[in-house]
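Take a look at the structure set out below.
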Amino acid sequence: MFPAPEMRVRFPSIAPLLSNEPVEAAFNRHEALSVRAKRLYHNLGLVSVFLISGSAVYTIAETLLFKGIAPAWVGILITIAAGLGIGSQVWMLAARLRSAWLVNRFACERLRSIKFQAFALASGAADQASLAARVADFSATELAKLTEEVNVGIATFENFVPEKLVIDPDPPVTPGDAQIIREATTAYRELRILYQDRFAMAELHRLRENRRFFHSAADFIYFAGAILVLLSLLSKVIPGMPISAWVDFLAISCFVASLSKLVLDNASLTEPSAARFVRYREDIARVTASIEAGAGLDEFVPAMERIALGELEQFCDSSKTINYRL
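For the sequence shown, our numbering gives the first residue as 932, with consecutive numbering after it.
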């Protein structure tokens, strides 16, 4: 989105494409709002889950193990913790943090696509001045459309159709400047195609590592709970089998932990994201193959942007399941 100074030196003929100030300013604004809302949403979500789950575990312990023994002040603290956990979730809903995060992230990805869709305009640009004029006109039109989209908030996800938001440029009346076309093609491949492929690969690796660890933890918690439940049941049907109340407590606690993990999984979207990134890399590979086969800017740029916005559409669909509610 923001090429390094070295990139600007390498591609002087396409300066209007590399530095699109109106689009970049809007991107920075929405990026800041998205990052702030996401951080607050996830931090509050994690805190609320731990407070509510911890309170539930204490309630079980107090009933099975410490009834009438625990000091009154401990119960008061746990009650306050549970109230804070519930209050955090209520405030998250009232403040619409989830909506603020997702809508601004949506705007950022739309702006990223707008900037790179403009690269297709280089196919018919006779010189840098004409390219700058075409980019400025295109950007102004698309920014106005985006403003209307995000004005309705997260409801815009329902009407988001990537195919309608990618512009297929009209075939150039006269051939564009060869230097501009060459620089635009190389820059687009490096800044958009290669960058997105590397990003998807890095995210896929991260998600797989996280999934490996958390799946192992989930398996351990589940089987530990199952074994403890079996022991508890055996103690009730086998006379004289010495099983303490700790077994019941730990069995129930394991299933509370499993429920909490399920909530965190729903909020992180680990599984859907991994599948999306696999398909995303496959689609990007097809665009790269079309370039090698001789496709022009006016062909492979719209194709790549449809793929990028298609991935955004899947994110919009998956985001409907994101929540921290137990």
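Every residue gets a Cβ at the ideal spot worked out from N, C-alpha and C, and that includes glycine. The structure displayed is predicted, hence computed values, not measured ones.
{"Query": "Minimum C-alpha distance to Ser1095 - residue among Gln1048, Gly1055, Phe1130, Ala1056", "Result": "Strictly speaking, residue 1095 in this sequence is Lys, with Ser absent from that position. The shortest Cα separation from Lys1095 among Gln1048, Gly1055, Phe1130, Ala1056 belongs to Gln1048."}
{"Query": "For Asp1058, the three-state DSSP class (helix, strand or coil)", "Result": "coil"}
{"Query": "Residue from Ile1112, Thr1087, Glu1073, Ala1226 with nearest C-alpha to Val1097", "Result": "Glu1073"}
{"Query": "Ala1019 vs Val978 beta-carbon contact at 8 Å", "Result": "Looking at the sequence shown, residue 1019 is not Ala but Ser. In this structure, Val978 lies closer than 8 Å to Ser1019 by Cβ."}
{"Query": "Asp1264 versus Ser1054 - alpha carbon distance", "Result": "In the structure as shown, the chain begins at 932 and stops at 1257. Residue 1264 is therefore absent and cannot be evaluated."}
{"Query": "Contact check, Pro943 vs Leu1122, beta carbons under 8 Å", "Result": "no"}
{"Query": "Length of the line joining the Cα atoms of Ala1026 and Gly976", "Result": "13 Å"}
{"Query": "Spatial neighbours of Ala1071 in its chain, beta-carbon cut-off 8 Å, leaving aside the 5 residues before and after", "Result": "Pro953"}
{"Query": "Coarse secondary structure for Asn959, derived from DSSP in three states", "Result": "helix"}
{"Query": "Simplified DSSP state of Ser997, which is helix, strand or coil", "Result": "It should be noted that the sequence gives Phe, not Ser, for residue 997. Residue state, collapsed to three classes: coil."}
{"Query": "Three CB pairs or more closer than 8 Å across the stretch 1149 to 1167 and the stretch 1177 to 1196", "Result": "yes"}
{"Query": "Ala968 in three-state terms, based on DSSP", "Result": "helix"}
{"Query": "Sub-8 Å separation of Ala1118 and Met932 beta-carbons", "Result": "no"}
{"Query": "Neighbourhood of Asp1128 by C-beta, 7 Å cutoff - its chain only, sequence neighbours within 5 removed", "Result": "Arg1212, Ile1215"}
{"Query": "Residues near Ile1009 in its chain [Cβ-Cβ closer than 7 Å; skip 5 each side]", "Result": "Ser986, Tyr989"}
{"Query": "Span separating the alpha-carbon of Leu948 from that of Ile1045", "Result": "11 Å"}
{"Query": "From Cys1247, Ala1038, Leu1028, Ile945, residue whose alpha carbon lies closest to that of Val1066", "Result": "Ile945"}
{"Query": "Sub-8 Å separation of Phe1231 and Ile1222 beta-carbons", "Result": "yes"}
{"Query": "contact_flag[the stretch 1036 to 1045, the stretch 962 to 973] where n(CB pairs < 8 Å) is 3 or more", "Result": "yes"}
{"Query": "Contact with chain B by Ile1215, beta-carbon distance below 8 Å", "Result": "Looking at the structure shown, chain B is missing, and only one protein chain is on hand."}
{"Query": "Tyr972, buried or exposed, once every other Cβ within 10 Å from all chains shown has been counted against 16", "Result": "buried"}
{"Query": "Straight-line gap, Arg1120 to Val1218 (C-alpha atoms, nearest Å)", "Result": "10 Å"}
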